[in-house]
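So the protein sequences, as listed, match chains Y and W.
Quick note: the first sequence uses our numbering, first residue 1, plus one each step.
Quick note: the second sequence uses our numbering, first residue 1001, plus one each step.
Worksheet: one structure, shown below.
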Amino acid sequence: MDRKQELFNYDSLALFGRVNASISHELKNIMAIISETAGLLSDLSEMAKGGTAIDPDILTGSIDSIAEEIERGFTTIRQMNRFSHSVDIPVGSTDLMEILDLVGQLCGYLAFAGKMRIHPCREASPVVQTSPFILQAVVYQTVAGIFKNTGPDTELDVSVQLRDDASWRILFDGAGIKAFELHAGDGIARMAASIGVAIHWEPAGDRLEMTVPFSI
Amino acid sequence: METDNTIKILMVDDEVKFLKAISDRLNLKGFEVTTATNGDDAIDAASKGGFDVAVVDLQMPGTDGAQVLKILKQNHKFIEIIMLTGHATVDSAVECTKLGAFKYLEKPYDFDKLVEALKEAFQARLTHKFESNMNRMAAIQKLSLQQSPLGLLREMARLDDGRK
Chain Y
1 MDRKQELFNY DSLALFGRVN ASISHELKNI MAIISETAGL LSDLSEMAKG GTAIDPDILT
61 GSIDSIAEEI ERGFTTIRQM NRFSHSVDIP VGSTDLMEIL DLVGQLCGYL AFAGKMRIHP
121 CREASPVVQT SPFILQAVVY QTVAGIFKNT GPDTELDVSV QLRDDASWRI LFDGAGIKAF
181 ELHAGDGIAR MAASIGVAIH WEPAGDRLEM TVPFSI
Chain W
1001 METDNTIKIL MVDDEVKFLK AISDRLNLKG FEVTTATNGD DAIDAASKGG FDVAVVDLQM
1061 PGTDGAQVLK ILKQNHKFIE IIMLTGHATV DSAVECTKLG AFKYLEKPYD FDKLVEALKE
1121 AFQARLTHKF ESNMNRMAAI QKLSLQQSPL GLLREMARLD DGRK
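Have a look at this one:
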């Protein structure tokens, strides 16, 4: 079995589907806003034709709203594109900060998720040789698992530190993590194990730590 | 007795801009719209009464649409509820129907279909209220033949219990 088949199994496909479903939900919301705002402009236009005076501020506000939603749509599609291309290379150089940035964006599409505050890494650029998609999947499901238990009003501090001469650690703090379970259970645990990632939750310290080896 | 034909709608969605656009359009069509951006605010607004139909987004942070549907149907006997969702599934449609949703629409939807659904829901509410009043009157008539005046008052209070 080659490396690609070994890494990209049903668990990966399931995660891919879940993330795409959350993105499509976001896009539907954007389309609904554009559609209703365009409809409102159409209604106002009909009223204007009938002689009703229309407040220009309503027109300007509606046009601005459509423009903002189109920009939001482009941003969402850019994240979708980044996520989709993360399966291109089974194993390669992967920047942990880029993974965290994308996960932060993708988690923003989950209704139950709070905010991720990603702190800059104080050490050299934290690059590892791993499967970018699998690592991203593990981080995403870990963050989703945290927010499932802490709720949408929480803020999660995320930082990356050098752990030892063979690994980095990603720290998740400050969201009042009272309970934790991987959002998708065993599948993600298997994915984490497949790239040597270990997850350790310390209830007393309100901290979750993820160890990522330099190389798999 | 219904004295005002304006349909009073409670619109619930965590997407603020969507809420603004849709409520502006519905206001132009002659509906009276109150908005809520989360489930708890919707339940609070409904507790003050006066809504004919609620339009509720299924997926919201905190108290989600299914919970709002359940609580509104428990607390307000005659309110009709239309569920909106960006992610329609057979399971969620069945769950909402079981909880008493009048209709289940997927976003983005046709605005005219929403307006039609609102009018149908309002009609269903009136019919439901009318039938309930007829049943109540029939029950009172029957009781008045069997009960003392005090017993009749007690039974009427029981009939009215939870009727909002």
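All C-beta atoms in this analysis are idealised placements derived from N, C-alpha and C, irrespective of residue type, glycine included.
Next item on the list: Determine, using beta-carbon pairs with one atom in the stretch 1054 to 1062 of chain W and one in the stretch 1081 to 1089 of chain W, whether at least three such pairs fall under 8 Å.
Entry: yes
Next item on the list: Give the straight-line distance between the Cα atoms of Y:I89 and Y:L13, rounded to the nearest whole angstrom.
Entry: 15 Å
Notebook entry, point to check: Within the 8 Å Cβ cut-off, does Y:L40 reach chain W?
Noted result: yes
Notebook entry, point to check: Skipping 5 residues on each side, what residues in its chain have a beta carbon closer than 7 Å to that of W:V1115?
Noted result: K1029
Checklist line | Euclidean distance between Cα positions of Y:T75 and W:L1126 | finding: 46 Å
Notebook entry, point to check: What are the boundary residues of the beta strand (DSSP E) that includes W:Y1104?
Noted result: 1103 to 1106
Check: Along the chain, which unbroken stretches of the beta strand (DSSP E) at least 3 residues long are found entirely within the stretch 126 to 207 of chain Y?
Finding: 127 to 130, 155 to 162, 167 to 173, 198 to 202
Margin query: If distances are taken between C-alpha atoms only, which option among Y:R190, Y:G196, Y:L171, Y:H85 comes closest to Y:E209?
Written below: Y:L171
Next item on the list: Under 8 Å Cβ to Cβ from Y:Q136, same chain only, skipping five residues before and after it: list those, please.
Entry: F83, S86, I99, L102, V103
Checklist line | Contact the stretch 1031 to 1046 of chain W vs the stretch 1005 to 1014 of chain W: 3+ CB pairs below 8 Å | finding: yes
Note to self: Pairs of beta-carbons, one from the stretch 104 to 121 of chain Y and one from the stretch 14 to 29 of chain Y, closer than 8 Å: are there three or more?
What the structure shows: yes
Item checked: Rounded C-alpha distance that separates W:K1164 from W:F1078 -> Per-residue confidence for W:K1164 stands at a pLDDT of 47, beneath the threshold of 50, marking its modelled position as unreliable; no derived number is given.
Item checked: Residues of the stretch 1014 to 1026 of chain W whose Cβ lies closer than 7 Å to any Cβ of chain Y, in chain order -> E1015, K1017, F1018, A1021, I1022, D1024, R1025
Note to self: Applying the 10 Å Cβ sphere with the 16-neighbour rule, what's the burial state of Y:S65?
What the structure shows: buried
Checklist line | Euclidean distance between Cα positions of Y:D153 and Y:G176 | finding: 11 Å
Margin query: Give me, in chain order, the residues of the same chain whose beta-carbon lies closer than 7 Å to that of Y:S45; leave out the 5 immediate sequence neighbours on both sides.
Written below: none
Note to self: For chain W, check one thing: does any of its Cβ atoms lie closer than 8 Å to the Cβ of Y:M97?
What the structure shows: no
Next item on the list: May I have the straight-line CA-CA distance separating Y:V197 from W:A1046, to the nearest angstrom?
Entry: 49 Å
Margin query: Let me make sure I understand the geometry here. Which of Y:P120, Y:F133, Y:M116, Y:R207 has the alpha-carbon closest to that of Y:E155?
Written below: Y:M116
Notebook entry, point to check: Count the other CB atoms within 10 Å of the CB of W:V1016; is the residue buried (16 or more) or exposed (fewer)?
Noted result: exposed
Check: Would you report the Cα separation of Y:C107 and Y:K148, rounded to the nearest angstrom?
Finding: 11 Å
Notebook entry, point to check: Residues of chain W with CB under 8 Å from Y:N29, in chain order?
Noted result: E1015, F1018, G1086, K1107
Item checked: CA nearest to the CA of W:T1063, picked from W:F1051, W:T1037, W:I1081 -> W:T1037
Next item on the list: Answer with yes or no whether the minimum CB distance from Y:I70 to chain W is below 8 Å.
Entry: no
Next item on the list: Could you pull out every residue in the same chain whose Cβ sits closer than 7 Å to the Cβ of Y:A53, ignoring the five residues on either side in sequence?
Entry: none
Next item on the list: Assuming Y:S159 contacts Y:T211 (C-beta within less than 8 Å), just tell me the rounded distance between them.
Entry: Wrong, their Cβ atoms sit about 14 Å apart, outside the cutoff.
Margin query: Comparing C-alpha positions only, which one of Y:N81, Y:G39, Y:A67 sits nearest to Y:F133?
Written below: Y:N81
Notebook entry, point to check: How about W:E1131 and W:F1102: do their beta carbons lie closer than 8 Å?
Noted result: no
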